[in-house]
Amino acid sequence: MTTTADASGPARRGDVFPAPASESRFRTPATGDERRMLAAFLAAQRTTLELKCAGVEAELATRSVAPSTLSLLGLVRHLTDVERRWFRQVLAGQDAPALYSAPDDPDGDFDGARDAEPAAVAAAWAAWRAECAFADRFLAEAPHLDVEGTDSWRGTVSLRWVVIHMIEEYARHNGHADLLRERIDGAIGV
């Protein structure tokens, strides 16, 4: 793990990942349509998660911040269930149970992420991408951001609220991903 300037690695965060000015996830619109802005910020947060997981596929299940049970693979699985819950269940009204957790196993998203076998990792990414694609379609096709759904613990929520909440959820978990990744291989960055 690199913590200071030396021959073993970069000395600054900017030396690890592409410069923010050159990276498309930092080119979110600053004016204009609210839906376009929200979709772009959500996409940027999702891209950040992918970036944090890139290049360490064999270690995605590593619980690198003991005693926490969090892992990068667990975050992918958790965010898959979160996307599915808010967009499929709450907003679209689909009978779409969580893929990784259940009432009798509420931490299954993290507890079940103990193996970074290539097939398990690929399946988790495929499920996450499918849920993100569904959410993106729902957001793009909704007549307006005031479309409502009913959540069992929150009550009535709007599409606008769900997208803002998803940005918040990703931002929070991307902070966790920062720490997990740094403990795995020393990589730091935005």
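In the numbering used here, the protein residues as written are 1002 to 1191.
Think of the CB as a built atom: it goes at the ideal place given N, C-alpha and C, for glycine as much as any other residue.
Note that this is a predicted model, so its numbers are computed, not measured.
Spell out the partners DSSP gives E1149 in its beta bridges.
Its beta-bridge partners are S1159.
Since F1135 contacts R1089 with CB under 8 Å, what's their CB separation in whole angstroms?
The Cβ separation is near 6 Å, so the contact holds.
Span of the alpha helix (DSSP H) holding V1057?
Looking at the DSSP string, V1057 is not in any alpha helix (DSSP H), and its letter there is neither H nor E.
Suppose the cutoff is 6 Å on Cβ atoms and the five residues either side in sequence are ignored; what does the same chain contact list for T1029 look like?
Correct list, in chain order: A1041, F1042, A1045.
Would you mind stating whether T1049 and N1175 have Cβ atoms separated by less than 8 Å?
Yes, the Cβ-Cβ distance between T1049 and N1175 is below 8 Å.
Can you name, in chain order, every residue of its own chain whose Cβ lies under 7 Å from the Cβ of L1180, other than the five neighbours on each side?
Closer than 7 Å at the Cβ level, and outside the excluded window around L1180, lie V1066.
Assuming G1075 is part of the alpha helix (DSSP H), what are its boundary residues?
Here the alpha helix (DSSP H) through G1075 covers 1073–1084.
Which first and last residues belong to the alpha helix (DSSP H) in which W1126 is found?
Element bounds for W1126: 1119–1142.
Which partner residues does D1106 have in the DSSP bridge list?
Partner(s): A1103.
Rounding to the nearest angstrom, what Cα-Cα distance links W1126 and A1055 in this structure?
Going by the C-alpha atoms only, they are around 12 Å apart.
Give the straight-line distance between the Cα atoms of I1168 and W1162, rounded to the nearest whole angstrom.
If you take the alpha carbons of I1168 and W1162, they lie about 10 Å apart.
From this set, D1105, L1039, R1086, which residue's C-alpha is nearest D1096's C-alpha?
The option with the nearest alpha carbon to D1096 is R1086.
Whole angstroms are fine: how far does the CA of L1160 sit from the CA of A1143?
Between A1143 and L1160, the C-alpha separation is close to 8 Å.
With burial defined as no fewer than 16 other Cβ atoms inside 10 Å of the residue's Cβ, what is the status of A1022: buried or exposed?
Because the pLDDT at A1022 is just 45, under 50, the model does not fix this residue reliably, and the point stays unresolved.
Would you say R1115 and A1059 are within 8 Å of each other, going by their C-beta atoms?
It is not a contact, given that the beta carbons lie outside the stated cut-off.
What does the Cβ neighbour count give for H1079, buried or exposed, with the cut at 16 atoms within 10 Å?
Buried.
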